[in-house]
Amino acid sequence: MMMNYRQATSRTNHFSSVNQSGNHTSTGQLFQQLFSTYMQPSNNQSLYLNQPSPQQPGFAVGQLPYTHQTTPIPTMNEGDQKTSSFDELIQQAADKFNVDISLIKRVIQAESNFNPNAVSYAGASGLMQLMPATAKGLGVTDLFDPKQNIEGGVKYLKDMLNRYDGNVTLALAAYNAGPGNVDRHNGVPPFEETQKYIKKILG
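Residue numbers (UniProt numbering): 1 to 203.
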């Protein structure tokens with residue numbers, strides 16, 4: 001910080017009195033002396049430019065603080081690479097019924113998020129959320145047995161793919177809402193749950 005007004009005035013008056021008392025100091029020399037004195041900081045003062053600028057903790061100079069963080073949202077496509085303890089059973093069912101393993105994994109993730117003990121409000125159970133009546137027709141005796149549930153679910157998915165000539169969208173609609181509703185509407189039923197289900201799996 002530069003010297004205060006009183007210090008500047010006092011020193012100016014001092015040089016003026018010296019000049020008037022007969023000292024032959026020129027105006028230019030007087031100005032140089034005054035300027036030099038003015039620019040010298042006192043012992044207990046420092047120039048403002050030498051002071052570090054205050055910073056908020058965690059932020060560097062010139063860096064704007066983040067107002068939010070982008071946290072990545074998982075998509076169903078990540079189910080293709082998801083590793084689980086059921087991978088071998090899924091692979092066996094995929095080979096047996098000739099169904100794309102990535103599609104099976106997406107269905108399992110959408111249905112139960114790989115929870116073999118999952119039960120829906122409607123009573124669908126297990127990894128692939130089979131209804132009891134459907135499971136019985138598929139030969140599944142224990143809905144919570146991962147091997148039986150996966151094999152039964154993949155067999156049913158394959159049946160739907162065959163029924164709709166390999167159309168995955170219609171097969172998924174039938175898996176979720178039943179083939180009767182798909183046939184009745186001649187396509188994907190106008191059910192919000194079914195439409196979200198298909199989008200969740202296929203993206």
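Heads up, the beta-carbon is just placed ideally off N, CA and C, and yes, glycines get one too.
Everything numeric in this text was worked out from a predicted model, so none of it was measured.
Sheet register partners of residue i (DSSP bridge)
{"i": "V168", "result": "Beta-bridge pairing links V168 to no other residue."}
{"i": "L130", "result": "S125"}
{"i": "V188", "result": "Answer is none; V188 lacks a bridge partner."}
{"i": "V107", "result": "Per DSSP, none; premise fails for V107."}
{"i": "V119", "result": "S125"}
Inter-residue CB distance, residue i and residue j (contact presumed, cutoff 8 Å)
{"i": "A110", "j": "I201", "result": "5 Å"}
{"i": "Y197", "j": "L172", "result": "7 Å"}
{"i": "I101", "j": "I90", "result": "6 Å"}
{"i": "P116", "j": "N149", "result": "7 Å"}
{"i": "V140", "j": "T169", "result": "Incorrect: roughly 25 Å between the Cβ atoms, too far for contact."}
{"i": "N167", "j": "T194", "result": "Wrong, their Cβ atoms sit about 14 Å apart, outside the cutoff."}
Where the alpha helix (DSSP H) through residue i begins and ends
{"i": "D100", "result": "Here D100 belongs to no alpha helix (DSSP H), and DSSP marks it neither H nor E."}
{"i": "T194", "result": "192-202"}
{"i": "N181", "result": "179-184"}
{"i": "L143", "result": "Element bounds for L143: n/a, residue is neither H nor E."}
Selected residue, minimal CA-CA separation from residue i, among the options
{"i": "D145", "options": "K158, G139, G126, L138", "result": "G126"}
{"i": "K96", "options": "D142, D159, G123, Y121", "result": "D159"}
{"i": "T83", "options": "G139, Y175, K105, N98", "result": "K105"}
{"i": "residue 224", "options": "L143, A174, F86, Q195", "result": "In the structure as shown, the chain starts at 1 and stops at 203, and residue 224 therefore has no counterpart that could be examined."}
{"i": "L161", "options": "E193, L103, H185", "result": "L103"}
Residue i: CB within 6 Å of a non-hydrogen atom of the ligand FAD
{"i": "L127", "result": "Absence of the ligand FAD from the depicted structure is noted, as is the absence of any ligand whatsoever, leaving it without description."}
Review point. Is the stretch 140-159 touching the stretch 120-132, taking contact as three or more C-beta pairs under 8 Å?
Key: yes
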